[in-house]
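Note sheet for the following structure.
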Amino acid sequence: MKKIENIPYCKTANERQTLDLYLPENTDSFPVFVYFHGGGITSGSKDEQKFVGDVVSKGIAVACANYRLYPYAVFPDFVRDAAAAVAWVHNNVSDYGNCTDLFVGGSSAGGYITQLLCFDKKYLDIHGIDSDKISGYFMDAGQPTSHFNVLRERGLAPNRVIIDQTAPLYYAESGRSYAPMEIIVSDNDMPNRYEQTQLLVSTLKHCGADMNRVFYKCVENSGHCEYLDKQDENGRYIFADMITEFINKIISL
């Protein structure tokens, strides 16, 4: 595995606008997975993702990206950062080998950001990328309504359920050919996260999305994102296998 650290994806010197690129040994043909960490949009880092090596060992490149956080950002700064990171990978990963597919994903706050990139087309449109043409989205434990810290920014109670322009669910609509996606939640997730995730899946079905390309997974006997750092009996990260299984499933469609 080759690691290239702290690549700026914007024309700034802000370390929160950088990504790390992990490349497999064989770069003759590989997909790439752009990943956004969790942390409530207040914490977290690209450097903390233990699962990456196990994904790369399966021949998949990974780009782990930082993005601006509260209190130094306001909505939608962090979403715009994520779109810029995806655009950098889209435009530059071919310099490192023959990249065949581009996947985007994230956990918790990163899952919320991933959902916005998927459903609200304007963020990637700015970079000339059609969000429906991404190879696939991996939405892990994201909040499909307005994120609780986005509500706090607006002086609202964080437990309110609001579906407006800051909510991924607001943009679910009929007539779109959505990219394949996997939507993940835990059975003992954050309060109301399980129910909101069910609403997202139900709304996609109601809007006529191709449910053969919408995959849903409930992780049993788990709290919010507890599986990220868990390993199986062979020492492999469970989360890495979830990612690689999704990517391989989509490539084989």
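Following our numbering, the numbering of the sequence shown begins with 5 at its first residue and continues without gaps.
Where a beta carbon is used, it is the ideal one built from N, C-alpha and C, also for glycine.
Going by the beta-carbon positions, is the gap between residue i and residue j smaller than 8 Å?
{"i": "GLY65", "j": "LEU25", "result": "In the sequence as presented, Gly is not what sits at residue 65; that position holds Ala. A contact, by the Cβ cut-off of 8 Å."}
{"i": "GLY159", "j": "TYR116", "result": "no"}
{"i": "MET246", "j": "ILE187", "result": "no"}
{"i": "TYR175", "j": "PHE123", "result": "yes"}
{"i": "PRO184", "j": "LEU128", "result": "no"}
{"i": "PRO148", "j": "ALA171", "result": "yes"}
{"i": "LEU23", "j": "TYR100", "result": "no"}
{"i": "VAL154", "j": "PHE79", "result": "yes"}
{"i": "VAL59", "j": "THR248", "result": "yes"}
Got a sec? Which residues, its chain only, sit under 7 Å from residue i by beta carbon, not counting five neighbours each side?
{"i": "HIS94", "result": "LEU106, ILE133"}
{"i": "SER33", "result": "ASN102, THR104"}
{"i": "PHE243", "result": "PHE55, TYR231, LEU232"}
{"i": "PHE40", "result": "ALA69, TYR71, ALA86, GLY110, GLY114, ILE117, THR118"}
{"i": "VAL189", "result": "ALA145, ARG197, TYR198, THR201, CYS222"}
Within the same chain, show all residues whose beta-carbon is closer than 6 Å to that of residue i, passing over the 5 residues directly before and after it, in chain order.
{"i": "PHE250", "result": "PHE142, GLU186"}
{"i": "ARG156", "result": "PRO162"}
{"i": "ASP191", "result": "CYS222, GLU224"}
{"i": "TYR220", "result": "ILE187, VAL205"}
{"i": "GLU9", "result": "ASP24"}
Which residues does DSSP pair with residue i in a beta bridge?
{"i": "CYS103", "result": "PHE34"}
{"i": "SER190", "result": "VAL223"}
{"i": "ILE11", "result": "LEU23"}
{"i": "LYS6", "result": "LEU27"}
{"i": "GLY115", "result": "Beta-bridge pairing links GLY115 to no other residue."}
Excluding sequence positions up to five away, which residues of its chain have a Cβ less than 8 Å from the Cβ of residue i?
{"i": "LYS234", "result": "TYR241, ILE242, PHE243"}
Please name the residue in the options whose C-alpha comes closest to that of residue i.
{"i": "SER98", "options": "THR31, GLU237, LYS253, ALA86", "result": "THR31"}
{"i": "ALA69", "options": "LEU173, LYS137, ALA87, ILE130", "result": "ALA87"}
{"i": "LEU120", "options": "PHE82, LYS137, CYS211, SER139", "result": "PHE82"}
{"i": "PHE152", "options": "GLU29, TYR182, GLY44, CYS211", "result": "GLY44"}
{"i": "ILE254", "options": "ARG180, LYS50, ILE138, ALA213", "result": "ILE138"}
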